[in-house]
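Accompanying notes for the structure given below.
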Amino acid sequence: MKNLKIHNRFTTELPADPNETNEIRQVSNALFSYVNPTKPSNPKLIHASEEVTEQVGISANEIQTEEFLNIFSGKEILPQTRPYAMCYAGHQFGNWAGQLGDGRAINLTETEHDNQFYTLQLKGAGKTPYSRTADGLAVLRSSIREYLCAEAMYYLGVPTTRSLSLMLSGDKVLRDILYNGNPAYEKGAIVCRVAPSFIRFGSFEMLAARNELKNLKQFVEFNIKHYFPEIKGEPKEQYLQFFKTVADTTREMILHWQRVGFVHGVMNTDNMSIHGITIDYGPYGWLENYDPNWTPNTTDSQNRRYRFGNQPQIAQWNLFQLANALYPLINEAEPLEKILESFIIDFNSDYKKMILGKLGIISQADNDDEFIAYLESNLQLSETDMTIFYRNLNKIRKNDSAEKALQAIEDAFYKPEEIKNTIKDNWLLWFTDYLERLNQKNTSDDERITLQNSVNPKYVLRNYMAQLAIDAADKEDYSLITELYELLKKPYDEQPEYEKWFAKRPDWARSKVGCSMLSCSS
24 MKNLKIHNRF TTELPADPNE TNEIRQVSNA LFSYVNPTKP SNPKLIHASE EVTEQVGISA
84 NEIQTEEFLN IFSGKEILPQ TRPYAMCYAG HQFGNWAGQL GDGRAINLTE TEHDNQFYTL
144 QLKGAGKTPY SRTADGLAVL RSSIREYLCA EAMYYLGVPT TRSLSLMLSG DKVLRDILYN
204 GNPAYEKGAI VCRVAPSFIR FGSFEMLAAR NELKNLKQFV EFNIKHYFPE IKGEPKEQYL
264 QFFKTVADTT REMILHWQRV GFVHGVMNTD NMSIHGITID YGPYGWLENY DPNWTPNTTD
324 SQNRRYRFGN QPQIAQWNLF QLANALYPLI NEAEPLEKIL ESFIIDFNSD YKKMILGKLG
384 IISQADNDDE FIAYLESNLQ LSETDMTIFY RNLNKIRKND SAEKALQAIE DAFYKPEEIK
444 NTIKDNWLLW FTDYLERLNQ KNTSDDERIT LQNSVNPKYV LRNYMAQLAI DAADKEDYSL
504 ITELYELLKK PYDEQPEYEK WFAKRPDWAR SKVGCSMLSC SS
């Protein structure tokens, strides 16, 4: 790690917990606690991203060294660094949870490379003062899911953390996979993930809830100084601009989630980044059949708060909590309320443009809302694979009949025998309108298809795909991790050698653990 340019801005500029024992406790008047990772007994590198390592300042030939293995498994500490866990609070499933913090994540340090700053964080590296009743460790299955998903999202064009490395710890970890009273030992693992920072909405909520207004002011100004230096003006104006920037980038992130059919599963305020990037990949999933009410989270199965169709509204709700936390510095509700009100208005406008883009339509019309609503209603008439439906629109030509257009996307139907009578009539009516829209412009089929293929992925990390990689890895076969990693680097390309992955969820995956509903330990 000879070329790593180390920075410690977070720990040198913000208040630290004076208690340096690693005991579970309430921490006040501090943004973080110093804590060292738990040393793994026999770490082993499974996979590392050469792109991400080079991005943070680590050369490709360093990946296979013992130093790399030891540092990114938590066995050794980088010179001139002091690892730490952040203290924050949050709302979980809509309820105030009080202090939470990095319960199974430890920040190693911050690096600078090519004038960009990156925070390196180990997930699953052991207990911290914020682990509550847990051990701070992670298992192989959840680590594979996180490692692959962050990189899949990046290549899809979705704002996200990145994955640097995936390692086995050599230790066993006790987990109850479905929270049903049947714990079992699993292989322990550690992921190194990378982001500008891992600061969350909950960090500000904690300071406001504890009335630590001096620390709140210092923390907001720290964020503006280092992460949003373009923000200028009087302090109050800066705080408002900070909130608006977070709201805008959050809106963009959610728009991308809806574009590719991603469901986060745990949109608690402590899982929301100030950078508008996707963090904390737990019970996530991609829509298989198009169902706006679907959530992958077993904990949320009754109320479905974090279902796919509710993600924009939850993002706004979370921003409202952030606004409440910032209010003591601003002391005016109206400007905060305007930003919150415009969030959904702007999202709905952007969403309309996004869906039209997926359809290859470049101009708007007065009836777009009805046109899109009719499509989304049809997608729910019979189980319809979202990814395959949108991707196979590239088979349609402007001079096709509605019947031929419907045939072009028939592979998206899980039960093609149901596409008859009223259901078929509804689809033929929509495709008639769709073809009419395509013929209103002089755009060629090739131009339209190029546009559609750039926003409609062919390959996404379906849960069954990740589970197959997990099952193989449990048998010490890591080849499928590598295969999926390479596949997901080019999700918009045809990649005929990987055509087998362009397929609907198999029937065996409907109820298999890890393929449909997942727990928060997933």
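Just so we're aligned, residue 24 is where the sequence shown starts under the numbering used here, counting upward by one. For every residue, glycine included, the Cβ atom is placed at its ideal position computed from N, Cα and C.
Report task. Rounded to whole angstroms, what's the CA-CA distance from A431 to R420? Just pull it up for me. Result -> 10 Å
Query raised in the report: Can you check whether the CB of F525 is closer than 9 Å to the CB of K481?
Result: yes
Query raised in the report: In terms of alpha-carbon separation, which member of L179, V289, S188, N294 lies closest to T322?
Result: V289
Query - Cβ separation of H114 and A108, assumed to be a contact under 8 Å, to the nearest whole Å - result: So it is not a contact: roughly 20 Å between Cβ atoms.
Report task. Within 10 angstroms of the Cβ of G204, are there 16 or more other Cβ atoms? Answer buried if so, exposed if not. Result -> exposed
Query raised in the report: How about the stretch 91 to 105 and the stretch 217 to 226: do they share at least three Cβ pairs that are nearer than 8 Å?
Result: no
Query raised in the report: Does the distance from the C-beta atom of A148 to that of P60 stay below 9 Å?
Result: yes
**Report entry** DSSP three-state assignment for N501, whether helix, strand or coil
**Finding:** Note that residue 501 is Tyr in the sequence shown, not Asn. Looking at Y501 - three-state DSSP - the assignment turns out to be coil, as it is neither helix nor strand.
Requested in this report: Given a cut-off of 9 Å, decide if N65 and S165 are closer than it, judged by their beta-carbon atoms.
Outcome: no
Query - Enclosing beta strand (DSSP E) for M190 [first to last residue] - result: 185 to 198
Query raised in the report: Counting Cβ pairs closer than 8 Å, one from the stretch 478 to 492 and one from the stretch 307 to 316, do we hit at least three?
Result: yes
**Report entry** Range of the contiguous alpha helix (DSSP H) that encloses F549
**Finding:** The first residue shown for the chain is 24 and the last is 545, placing residue 549 beyond what the model contains.
Query raised in the report: By the 10 Å Cβ neighbour count, where 16 or more other Cβ atoms means buried, how is D303 classified, buried or exposed?
Result: buried
Query raised in the report: So the beta strand (DSSP E) S56 belongs to, where does it begin and stop?
Result: 55 to 57
Query raised in the report: Roughly how many whole angstroms lie between the Cα atoms of L417 and T410?
Result: The residue asked about is misnamed: residue 417 is Asn in this sequence, not Leu. The alpha-carbon atoms of N417 and T410 are separated by roughly 12 Å.
Report task. In angstroms with no decimal places, state the Cα-to-Cα distance between E85 and Q144. Result -> 18 Å
Query raised in the report: In the DSSP assignment, what residue or residues form a beta bridge with I213?
Result: M190
Requested in this report: Closer than 8 Å by C-beta to E90: which residues in its own chain qualify, once you throw out the five before and the five after it? Chain order, please.
Outcome: M24, E99
Requested in this report: Would you tell me roughly how many angstroms separate the C-alpha atoms of A212 and L171, rounded to the nearest one?
Outcome: 14 Å
Query raised in the report: What is the DSSP secondary structure of M109, reduced to helix, strand or coil?
Result: strand
Query raised in the report: Looking only at C-alpha atoms, which of P182, Y208, A207, I167 sits nearest to S188?
Result: I167
Query raised in the report: Which residues in the same chain have their Cβ closer than 7 Å to the Cβ of T34, if we skip the five residues on either side of it in sequence?
Result: F55, R105, Y107
Query raised in the report: Which class does W453 belong to by DSSP, given the choice of helix, strand or coil?
Result: helix
Requested in this report: Report all residues from its chain with a CB closer than 8 Å to the CB of L352; omit the five preceding and five following residues, and keep chain order.
Outcome: L236, L239, K240, V243, P258, K259, Y262
**Report entry** Touching by the beta-carbon criterion (3+ pairs, under 8 Å), the stretch 285 to 301 and the stretch 325 to 338
**Finding:** yes
**Report entry** Closest by C-alpha distance to K210, when choosing among E499, K512, I504, M229
**Finding:** E499
Query - N246 classed as buried or exposed, judged by whether at least 16 other C-beta atoms fall within 10 angstroms - result: buried
Report task. Determine the direct distance from the alpha carbon of L402 to that of N462, and round the result to whole angstroms. Result -> 23 Å
Query raised in the report: Looking only at DSSP bridge pairs, what is K146 linked to?
Result: A128, V214
Report task. Could you name the residues that DSSP lists as bridge partners for I29? Result -> T134
Query raised in the report: Which whole-angstrom value describes the C-beta separation of K438 and E459, a residue pair presumed to lie in contact below a C-beta threshold of 8 Å?
Result: Actually they are not in contact, since the Cβ atoms of K438 and E459 sit about 28 Å apart, beyond 8 Å.
**Report entry** Selected residue, minimal CA-CA separation from Y153, among R127, E169, T132, Q139
**Finding:** R127
Query raised in the report: Among all the DSSP beta bridges, which residues are the ones paired with D469?
Result: According to DSSP, which records beta bridges pairwise, D469 is partnered with nothing at all.
Query - alpha helix (DSSP H) runs contained entirely in the stretch 478 to 530, provided each spans 4 or more residues - result: 486 to 497, 502 to 511
**Report entry** Close beta carbons around T272, own chain, < 6 Å, minus the five adjacent residues each side
**Finding:** G299
Query raised in the report: Taking DSSP as the reference, what is the three-state secondary structure of Q475?
Result: helix
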